[in-house]
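Reviewing the structure listed below.
Protein chains: 2
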Amino acid sequence: MKQFVVIGLGRFGSSVAKTLYKLGYDVLGIDINEEIVQSLVDSITHAVQADATDENTLKALGVRNFDVGIVSIGDDIQASILVTLILKDMGLKYVVAKAQNDLHAKVLYKIGADRVVFPERDMGIRVAHNLVASNILDYIELSPDFSIVEIQALPEWYDKTLRELQMRVKHGLNVMAIKRNEDVIVSPGAEDFIKKGDILVVVGQNKDIEKLEKHI
Amino acid sequence: MKQFVVIGLGRFGSSVAKTLYKLGYDVLGIDINEEIVQSLVDSITHAVQADATDENTLKALGVRNFDVGIVSIGDDIQASILVTLILKDMGLKYVVAKAQNDLHAKVLYKIGADRVVFPERDMGIRVAHNLVASNILDYIELSPDFSIVEIQALPEWYDKTLRELQMRVKHGLNVMAIKRNEDVIVSPGAEDFIKKGDILVVVGQNKDIEKLEKHI
Ligand SMILES: Nc1ncnc2c1ncn2[C@@H]1O[C@H](COP(=O)(O)OP(=O)(O)OP(=O)(O)O)[C@@H](O)[C@H]1O
Ligand SMILES: Nc1ncnc2c1ncn2[C@@H]1O[C@H](COP(=O)(O)OP(=O)(O)OP(=O)(O)O)[C@@H](O)[C@H]1O
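Residue numbers (my numbering), protein chains in the order written: chain A, 1 to 216; chain B, 217 to 432.
Here it is, written out as structure tokens:
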């Protein structure tokens with residue numbers, strides 16, 4: 001089973017570490033801040049206080065035996081780059097690193113990071129789309145042209161079937177699921193009704209979605 | 217047209233502000249740090265240097281005339297709470313605030329925040345699921361039991377139709393779209409083939425997805 005080492009246990013790093021542990025995987029967490037380490041001892045396999053830029057410390061912790069490394073150090077860009085380099089040098093198969101900006105990301109890729117993530121930036125995009133049309137509860141980019149959105153059913157859609165609403169023909173949107181309270185109706189049929197309070201999960205082109213956003 | 221004020225232009229706040237502006241909305245950005253303000257003057261309608269906890273300053277900037285407020289101040293929890301309170305007192309219809317932890321979120325809701333977001337935590341969950349099965353490119357929770365995942369097509373699925381693969385019957389998963397290079401095939405039919413390099417966007421129960429994650 002894959003083993004994960006998470007270096008930098010801030011808001012993002014600790015969320016990755018805890019989720020992996022909950023899914024049943026072994027997780028070693030490392031942070032330079034003793035208080036943060038103490039707060040995580042019961043939520044991951046091992047939590048260790050250490051300065052991850054010290055290569056001998058990482059070797060002593062057996063970090064080279066891990067399959068996947070996550071470097072989620074924020075403000076200290078130099079430390080983030082150095083730790084990523086050390087992990088790749090030690091031979092970890094897959095290293096993911098969090099970046100502060102595009103330049104930081106470029107350097108991380110150059111020194112061997114397998115993937116670079118921008119947690120705050122990506123969430124900012126999703127929240128902005130959500131604010132533009134309050135009926136749009138979530139917005140997930142699939143590709144430059146397509147997205148998935150969760151739309152609160154409009155009053156004019158209540159008690160109508162998908163066939164009557166002609167979502168595909170009129171709005172260019174494909175309804176993939178309907179969330180009704182705690183239930184989810186997956187791949188609804190043309191004769192399924194929309195009820196008040198329903199949330200439609202639709203996929204479509206961004207230009208069709210933006211047209212609907214303006215209309216809502 | 218809705219007008220937005222974003223207070224705290226860190227990684228998350230600036231992403232929200234820039235995205236709203238790109239979508240064609242008026243955006244006022246406020247930050248206590250002059251350098252950050254300067255870096256955004258060309259990307260949003262107005263960028264102003266100010267301490268947002270000073271009520272008179274916010275009044276002088278006409279913040280009460282905005283429809284939606286976003287408070288994305290991080291480390292200074294007291295400032296985040298104070299600014300959220302001031303915005304609601306001024307009568308803004310909808311205020312979203314970013315929280316550092318559950319306690320902070322509880323206080324924000326108590327003083328009137330309409331929505332509280334945890335950008336780092338939510339992205340941590342998505343990245344963790346992605347790491348568990350490297351074929352899972354994205355993981356979006358729809359409800360406690362259902363999720364949308366993007367799965368890199370497995371070699372055993374190449375050149376087979378969806379009917380042959382029986383995704384629904386065998387894995388309990390509904391294929392909503394197929395990403396092939398820059399194209400997206402929405403609501404694929406039973407006779408559509410899977411090709412090498414395809415990414416399937418599927419919706420299903422978390423227990424079925426986790427079964428597939430272990431199998432990949
Ligand atoms: N050299 C290091 N070795 C180990 N941990 C480190 C090192 N440098 C920083 N850290 C830890 O990395 C964590 C994340 O860093 P920081 O708080 O700067 O980033 P952040 O982007 O604000 O984090 P987040 O948004 O995830 O909360 C902190 O808990 C910090 O103690
Ligand atoms: N009183 C205030 N008035 C206006 N801006 C403020 C105030 N206090 C803090 N800020 C600004 O809020 C922004 C975000 O705060 P901070 O960097 O502490 O949070 P963060 O959670 O690390 O941000 P992010 O993760 O979005 O980068 C900073 O740019 C900071 O200058």
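C-beta atoms are modelled at their ideal positions from N, C-alpha and C, and glycine is treated no differently. Model, not experiment: these values are computed from the prediction.
Neighbourhood of residue i by C-beta, 8 Å cutoff - its chain only, sequence neighbours within 5 removed
{"i": "residue 57(A)", "result": "50, 51"}
{"i": "residue 85(A)", "result": "111, 112"}
{"i": "residue 117(A)", "result": "96, 97, 98, 99"}
{"i": "residue 390(B)", "result": "383, 384, 418, 419, 420"}
{"i": "residue 158(A)", "result": "194, 195, 196"}
Under the three-state DSSP convention, the category residue i falls into
{"i": "residue 374(B)", "result": "coil"}
{"i": "residue 167(A)", "result": "helix"}
{"i": "residue 1(A)", "result": "coil"}
{"i": "residue 390(B)", "result": "strand"}
{"i": "residue 229(B)", "result": "helix"}
{"i": "residue 242(B)", "result": "strand"}
{"i": "residue 308(B)", "result": "coil"}
{"i": "residue 410(B)", "result": "coil"}
{"i": "residue 208(A)", "result": "helix"}
{"i": "residue 105(A)", "result": "helix"}
{"i": "residue 173(B)", "result": "The displayed coordinates of chain B run from 217 to 432. Any statement about residue 173(B) would go beyond what the structure contains."}
Neighbour list for residue i in chain B, Cβ cutoff strictly below 7 Å
{"i": "residue 174(A)", "result": "402, 403"}
{"i": "residue 64(A)", "result": "Ordered by position in chain B, no residue passes the 7 Å Cβ test against residue 64(A), which lies about 18 Å from the chain."}
{"i": "residue 80(A)", "result": "What residue 80(A) touches in chain B: nothing, since even the nearest Cβ is about 14 Å away."}
Cutoff 7 Å; reference residue i; Cβ partners in own chain excluding five residues on either side
{"i": "residue 218(B)", "result": "241, 283, 284"}
{"i": "residue 234(B)", "result": "259, 260"}
{"i": "residue 91(A)", "result": "64"}
{"i": "residue 132(A)", "result": "213"}
{"i": "residue 252(B)", "result": "225"}
{"i": "residue 82(A)", "result": "53"}
{"i": "residue 325(B)", "result": "332"}
Top-ranked residue by Cα proximity to residue i, from the options
{"i": "residue 20(A)", "options": "343(B), 221(B), 370(B)", "result": "343(B)"}
{"i": "residue 338(B)", "options": "368(B), 352(B), 317(B), 306(B)", "result": "317(B)"}
{"i": "residue 72(A)", "options": "13(A), 119(A), 46(A), 28(A)", "result": "13(A)"}
{"i": "residue 74(A)", "options": "210(A), 7(A), 185(A), 143(A)", "result": "7(A)"}
{"i": "residue 167(A)", "options": "140(A), 15(A), 189(A)", "result": "189(A)"}
{"i": "residue 155(A)", "options": "207(A), 173(A), 182(A), 199(A)", "result": "199(A)"}
{"i": "residue 40(A)", "options": "131(A), 55(A), 88(A), 10(A)", "result": "10(A)"}
{"i": "residue 304(B)", "options": "292(B), 275(B), 319(B)", "result": "275(B)"}
{"i": "residue 286(B)", "options": "245(B), 389(B), 376(B), 292(B)", "result": "245(B)"}
{"i": "residue 161(A)", "options": "195(A), 131(A), 147(A)", "result": "195(A)"}
{"i": "residue 331(B)", "options": "357(B), 309(B), 346(B), 422(B)", "result": "309(B)"}
{"i": "residue 409(B)", "options": "422(B), 419(B), 395(B)", "result": "395(B)"}
{"i": "residue 322(B)", "options": "336(B), 296(B), 341(B)", "result": "296(B)"}
{"i": "residue 243(B)", "options": "278(B), 413(B), 420(B)", "result": "278(B)"}
{"i": "residue 422(B)", "options": "387(B), 254(B), 325(B)", "result": "387(B)"}
{"i": "residue 270(A)", "options": "208(A), 145(A), 103(A)", "result": "There is no way to answer for residue 270(A), as the model of chain A reaches only from 1 to 216."}
{"i": "residue 144(A)", "options": "248(B), 400(B), 336(B)", "result": "400(B)"}
{"i": "residue 211(A)", "options": "22(A), 109(A), 136(A)", "result": "136(A)"}
{"i": "residue 208(A)", "options": "146(A), 119(A), 158(A)", "result": "146(A)"}
{"i": "residue 152(A)", "options": "164(A), 31(A), 130(A), 141(A)", "result": "130(A)"}
{"i": "residue 407(B)", "options": "381(B), 398(B), 397(B), 431(B)", "result": "381(B)"}
Residue i: contacting residues in chain B (beta-carbon distance under 9 Å)
{"i": "residue 182(A)", "result": "359, 360, 361"}
{"i": "residue 100(A)", "result": "227"}
{"i": "residue 15(A)", "result": "334, 336, 337, 338, 339, 340, 341, 343, 344"}
{"i": "residue 37(A)", "result": "Simply none; closest approach about 17 Å."}
{"i": "residue 71(A)", "result": "Within 9 Å Cβ-Cβ: nothing; residue 71(A) doesn't reach chain B, min ~12 Å."}
Residue i Cβ short of 7 Å to ligand 3 heavy atom set
{"i": "residue 269(B)", "result": "Ligand 3 is absent from the structure shown, which contains only ligand 1 and ligand 2."}
Residues that residue i contacts on chain A, provided the C-beta gap is smaller than 9 Å
{"i": "residue 247(B)", "result": "Those within 9 Å of residue 247(B) in chain A number zero; the least Cβ separation is about 14 Å."}
{"i": "residue 256(B)", "result": "Going along chain A, no residue has its Cβ under 9 Å from residue 256(B), so there is no contact; the nearest lies around 13 Å."}
{"i": "residue 393(B)", "result": "142, 146, 148, 174, 176, 203"}
Chain B residues whose Cβ lies nearer than 8 Å to that of residue i
{"i": "residue 7(A)", "result": "Ordered by position in chain B, no residue passes the 8 Å Cβ test against residue 7(A), which lies about 14 Å from the chain."}
{"i": "residue 20(A)", "result": "344, 347, 348"}
{"i": "residue 4(A)", "result": "347"}
Cut-off 6 Å between Cβ atoms - residues of its own chain near residue i, not counting five sequence neighbours on either side
{"i": "residue 217(A)", "result": "Residue coverage of chain A in this structure runs from 1 to 216, which leaves residue 217(A) outside it and unanswerable."}
{"i": "residue 402(B)", "result": "393"}
Residues that residue i contacts on chain A, provided the C-beta gap is smaller than 8 Å
{"i": "residue 264(B)", "result": "Those within 8 Å of residue 264(B) in chain A number zero; the least Cβ separation is about 19 Å."}
{"i": "residue 241(B)", "result": "132"}
{"i": "residue 284(B)", "result": "131"}
{"i": "residue 312(B)", "result": "127, 131"}
Residue i: contacting residues in chain A (beta-carbon distance under 7 Å)
{"i": "residue 306(B)", "result": "Simply none; closest approach about 18 Å."}
{"i": "residue 338(B)", "result": "123"}
Short CB-CB distance (under 8 Å) between residue i and chain C
{"i": "residue 335(B)", "result": "Here the protein chains are A and B, and chain C is not one of them."}
Which complete alpha helix (DSSP H) runs does the stretch 246-297 of chain B hold, if anything under 4 residues is left out?
As far as the stretch 246-297 of chain B is concerned, its whole alpha helix (DSSP H) runs of at least 4 residues are 250-256, 271-276.
Which full runs of the beta strand (DSSP E) of 3+ residues lie inside the stretch 118-157 of chain A, going along the chain?
Fully enclosed beta strand (DSSP E) runs of 3 or longer: 136-141, 146-152.
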